[in-house]
Every structure is written in C-alpha cells, then in structure tokens.
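Below is one structure, written out as structure tokens, with a few remarks after it.
There are 2 protein chains.
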Amino acid sequence: MKNLLLTITVTMAISAPLRAAVVSEQVTYQDGDTQLIGHIYYDDGSSKKRPGVLVVHEWWGLDDYAKKRATMLAELGYVAFAADMYGAGKVTEHPDEAKEWMMVNAANVPGWRKRAELALQQLKLHPMTDVDKTAAIGYCFGGATVVELAYSGADLDGVASFHGSLPLPIEGETPDLKASLLLFHGYADPFLEKPHVALFKECLTALEADWEMVEYGGVMHSFTNPAADQHGMPALKYDAIADQRSWAQLQVFFAEIFAD
Amino acid sequence: MKNLLLTITVTMAISAPLRAAVVSEQVTYQDGDTQLIGHIYYDDGSSKKRPGVLVVHEWWGLDDYAKKRATMLAELGYVAFAADMYGAGKVTEHPDEAKEWMMVNAANVPGWRKRAELALQQLKLHPMTDVDKTAAIGYCFGGATVVELAYSGADLDGVASFHGSLPLPIEGETPDLKASLLLFHGYADPFLEKPHVALFKECLTALEADWEMVEYGGVMHSFTNPAADQHGMPALKYDAIADQRSWAQLQVFFAEIFAD
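Just so you know, the protein sequences line up as chains S and E, in that order.
For the first sequence, position 7 (counting from the first letter as 1) is numbered 1493 according to the numbering used here, and the numbering increases by one without interruption.
For the second sequence, position 122 (counting from the first letter as 1) is numbered 1608 according to the numbering used here, and the numbering increases by one without interruption.
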C-alpha cells in the first residue's frame, strides 16, 4: 500500500521558481489511416525522468484549454501529453459538431479505447516519462475517455475524470481495473441523471475498484473551464471554487499514486 | 471569493521541524449544571495567533482518538480544541452505552447545538486562536455535530464531517449557513441508507450551501479510526487509504478557507 505523501506536491511547488520554462513538442501518431496530432509538455530544466500524465480534451477537440492543463501539469513537474482523439488535431466551437464527433467515438467503444491507448503509448515512449508512474486525466468527453481507458485494463496508476459522463462497462464485461479512479462531478450537472451516477458507483463497487467521487453542490457541467459560459448552453458553467478545489485534490491524488 | 492556496499547507509542513512541541491544556466549561472537560492543543514555539479548529469526538466520548486528531492539527500549525459533548469527559468502549449517550444529545437538537456552540466559544476564547479563522471537524457522532453547528448558523469558515450521519435540518427550518461543508463518506457505510445520503445532498442544495462530498468506494463506517475493528461491529472498519486521503483533502480545504 502506498503512503500518501503530501510532501511530494510540496517539494515540487517549492522548486518551481528554480526551473526552466515548459517546452512543448508536437507528436504525430497513427490510428489506422487516421493521423493524430498531440502535444507533449515538460519542463526542460532537468533531464530526469518524471511521472507522466495523459490529458484528454473535452468534446470540442484538442483545443487551447486541454493544452493549458497539460502546461499546468508540466509546471508541476510532470510530463504531460495532450492527446488528439479526433484526428488531425481538429477542433470546433459548435456544440452540434462537437457532439457528433464525440458520438462517433462513443459508438465504437473498443475503437475509442484503442485510440486512447495509442495516446498513452506516445506518453510512455517519451524519454522524459517514468513509465512506472503514469496517470490519465480528462474533461467532459475526455473524462469518459480516461474511465474507458481504466476499463480497458491500461497500465496506469490512476485516472481522474472532471465533469465526465461516467460511462458504465460494456454489458457483460468485467474489467480488470489497474488504475485508481478519482471522479470530480458537479452535483447540478444537467447532463447526468442521478440514477445513472448511482449506477456508476454501484458498478465500480461491484468491480471492487479503488474509486472516490467528489461531488460539488450547485455545480454544473464543464465547471473547470473558464470558457464554459461562452457557448450559449445553460448546462455549462464555470465554477472557480470547484475548479480550484478539484485541481488541488488532483495534486493530492498524484502525490499518493506517484509515491515511491 | 477566496483563493485556494495549497502553499499554505506547504509552508506549515516545512516549518514544522523547527517548532517546539505541542502542548495541551485542560479546559473546564459548563452547560447549565453539566461540567464539560475539553482539551486544547497548540504548538508553543510561537505566540502568534493561528486558525482554530474544533474537534468533536465519536460516539465513544472524548477519547484518545479525538485527542490524537487535535494533536495532529496542532502539529500542522493550528490551535485545536477537543470538545467534550457528554460531560465530565466520560468515555466508553461499549457500543450500547455509546449509542445511548449519543441519542440523549440527538433527541434534543437545540441542546445538542448549544453544547457544540459552547465548545466553539472555548476555542475562540483561547489567546492563541485567530477568531476570524475557525473551523470544526468531527467523526461519526462528531461529524453530525459539526453539521448541526453549521445549521445553527455558527460563525465558522468551514466544517468537515468524517463518517458522520449527515443529519437533515429540523423540519421547517431554513438554516442560515455561514460555513462551507466538506463531507467524507464511506460509500459502503451500512449505517447510512443511500436515499438518506441523497436527501441530505438535496437539502444542502436547496439551502444553496457551499458543500462538497467525497465518497470512497467499498469503505465502511469509522474508516479513519485505526481502532474501528476492535469493537466487534462489522459496520466499523478502518481503511488506511481513505483515512490518508481524507486527511490530506482536509488540509487542502483548510488552506482554502483559512486563506487571507
């Protein structure tokens, strides 16, 4: 059993001012005929291997928001790979288009998981990544993606979903989960019916998963994204407090799962 | 809006080795004819005022476990007051007796809240306490107690309940909550029916409370107490992971609510 060492987060926060800048590299990879364009971020002030974190975007595609989160993780001392789940790094600001792209993935769960695994491979292939310490986080569609990645039995210490749709396992499957799961959920998220959230918890419990869910009262969908309110969708609303809390709680989670 | 400064926790953790030892003082106070015997803990390496935390014991009474938590808070740089909710500092190891004592409190909610407020007064009266930065935490019966304290409108920045019974407001009352609420709950706690937990969340939401609940999968009642398994009650079970997680998450919460 791992000990939760808050001091890991501490050490990273303190040494930050001494570091060089975060650098990024474009990473092109393939899923069959589809070319995917991700971006990897790390602090080049040291060549030491470090824990790696996969970052999966919202339904909009690999936009600046997902890249910003990957940059923030690099600033915290991790190597972060912002995956491209749609191909060609395509993005949209139109909810209808975003939904359509997302549904294409969701309609083929094995293909969805495979594409996420290909991204995880890219993270692990990077020379900066300590392959024994990896996690995946995701937002909205990306939150669902990292849960699917956990269901696939991916070799990860943990996954964290922010306002994800909390997908259930495929009917009849009994996933062999290796990752601890941390789910951040806006209790007032209109996209998720309460019975579904309850069923999701029951399923994880039946799988004897190591899971924890943080529910924030009065908080809507996409609560971590400051641009959430700009799409004319009442279900989406940024919440600064829940954003800050979940980001801090993520760091506590990483300190635990990445402890030696 | 307060900013969540994880660095506060950080600073405290780092300066800890330089500090003098934690000292404790017995504090005798009254609730009508009932004499209460609490204990206050702080680090005497500095005379500077600091945030104050009320600690409310499990149904067993003010035992070594509650005192240990207060000591841990003092080590983190807080002043902590371990309250006595039963009078004369009495404790028991017998569940039947513990339940009886607890029910005496719970049967008279205004009296229950008043007794908790008297303890909070003692914390605020202490010269070490920064009265503008206070919180209350509690375990089991104590978790319910700090929620009642919040319902009473007590002047607190936050309350945190560990495996508490999540009491509802008094029928017809509309509490004026000043405290943010953080609830740690074992999802497999047999003492709490799931519909009750859901109703509790709905009530807090209706009150527009600032609340967050952390649910731990597969975790039973009294999960933070290493002695939980010694009472011959299958519902009580220590869980080291959930204990460590909730303690770390509490520190994140304190860093936020006690920020300048």
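Here a beta-carbon is modelled for each residue, glycine too, at the ideal position from N, C-alpha and C.
- Taken in chain order, the members of the region 1692-1712 of chain S whose beta-carbon sits within less than 8 angstroms of a beta-carbon on chain E are GLU1694, ALA1695, ASP1696, TRP1697, GLU1698, MET1699, VAL1700, GLU1701, TYR1702, GLY1703 and GLY1704.
- Close to LYS1687 (chain S), with beta-carbon spacing below 8 angstroms, are these residues of chain E in chain order: TYR1673, GLU1701 and GLY1703.
- In this structure the region 1637-1648 of chain E lies against the region 1659-1670 of chain E, because at least three pairs of beta carbons, one per stretch, are closer than 8 angstroms.
- The closest CA to that of TYR1572 (chain S), considering only S:TRP1545, S:GLN1607 and S:PHE1739, is found on S:TRP1545.
- Distance check between TYR1724 (chain E) and each of E:HIS1717, E:ASN1711 and E:SER1732 places E:ASN1711 closest, using alpha-carbon atoms only.
- In the DSSP annotation of this structure, THR1660 (chain S) is not part of any alpha helix (DSSP H), being labelled neither H nor E.
- Following the DSSP letters along the chain, one finds THR1710 (chain S) in no beta strand (DSSP E), marked with neither H nor E.
- For ARG1731 (chain S), the nearest CB of chain E lies under 8 angstroms from its own CB, placing it at the interface with that chain.
- Contact of VAL1738 (chain E) with chain S is assigned, a C-beta pair being separated by under 8 angstroms.
- Going by C-alpha positions, GLN1521 (chain S) is about 15 angstroms away from TRP1598 (chain S).
- Under the criterion of beta carbons closer than 8 angstroms, ALA1728 (chain E) and PHE1709 (chain E) qualify as touching, at roughly 5 angstroms.
- Residues of chain E whose Cβ lies closer than 7 angstroms to the Cβ of LEU1690 (chain S) are, in chain order, GLY1703.
- Rounded to the nearest whole angstrom, the CA to CA distance from GLN1608 (chain E) to SER1647 (chain S) is 42 angstroms.
- Annotated as proximal: LYS1610 (chain E) and GLY1538 (chain E), with beta-carbon spacing under 8 angstroms.
- In terms of CA proximity to TYR1673 (chain S), E:GLU1694 leads the group E:GLU1694, E:GLU1659 and E:ALA1674.
- In the assembly as shown, HIS1649 (chain S) is a buried residue. Its beta-carbon has 16 or more other beta-carbons within 10 Å.
- The beta carbons of VAL1542 (chain S) and THR1615 (chain S) sit no closer together than 8 angstroms.
- Contact between PHE1677 (chain E) and SER1651 (chain E) holds, with the beta-carbon distance rounding to 7 angstroms and staying under 8 angstroms.
- Taking all protein chains shown into account, ALA1556 (chain E) has 16 or more neighbouring C-beta atoms within 10 Å of its C-beta and is therefore buried.
- Taking all protein chains in view, the Cβ of ALA1734 (chain S) is crowded by 16 or more other Cβ atoms within 10 Å, so the residue is classified as buried.
- The region 1557-1606 of chain S contains, as complete alpha helix (DSSP H) runs of 4+ residues, the segments 1581-1592 (chain order).
- Residues of the same chain with a CB within less than 6 angstroms of the CB of ASP1549 (chain E), apart from the 5 flanking positions on each side, are VAL1577 in chain order.
- Rounded to whole angstroms, the Cβ separation of LEU1540 (chain E) and LEU1606 (chain E) is 5 angstroms, and the two are in contact under 8 angstroms.
- Considering only S:PRO1720, S:ASP1675 and S:ALA1569, the residue with the shortest C-alpha distance to GLY1628 (chain S) is S:ALA1569.
- A Cβ-Cβ distance of about 5 angstroms is found for the pair ILE1526 (chain S) and PHE1567 (chain S), placing them in contact under the 8 angstroms criterion.
- Boundaries of the alpha helix (DSSP H) harbouring PHE1686 (chain E): 1680-1692, taken from the DSSP string.
- Exclusion of the five residues before and after ALA1552 (chain E) leaves VAL1541, HIS1543 and ALA1568 as the residues of its chain whose Cβ lies within less than 6 angstroms of its Cβ.
- Considering only S:GLU1688, S:ASP1641 and S:TYR1625, the residue with the shortest C-alpha distance to LEU1654 (chain S) is S:GLU1688.
- In the displayed model, LYS1619 (chain S) falls within a strand according to three-state DSSP.
- The alpha helix (DSSP H) runs of length 4 or more contained entirely in the region 1505-1545 of chain E do not exist; there are none.
- In this structure, the CA atom of VAL1700 (chain E) is about 16 angstroms from the CA atom of VAL1645 (chain S).
- Collapsing the DSSP output to three states places ALA1721 (chain E) in coil.
- Of the candidates S:TYR1564, S:ALA1574, S:LYS1535 and S:ASP1746, the residue whose Cα lies closest to the Cα of VAL1513 (chain S) is S:ALA1574.
- In the DSSP assignment, no residue is bridged to ALA1728 (chain S).
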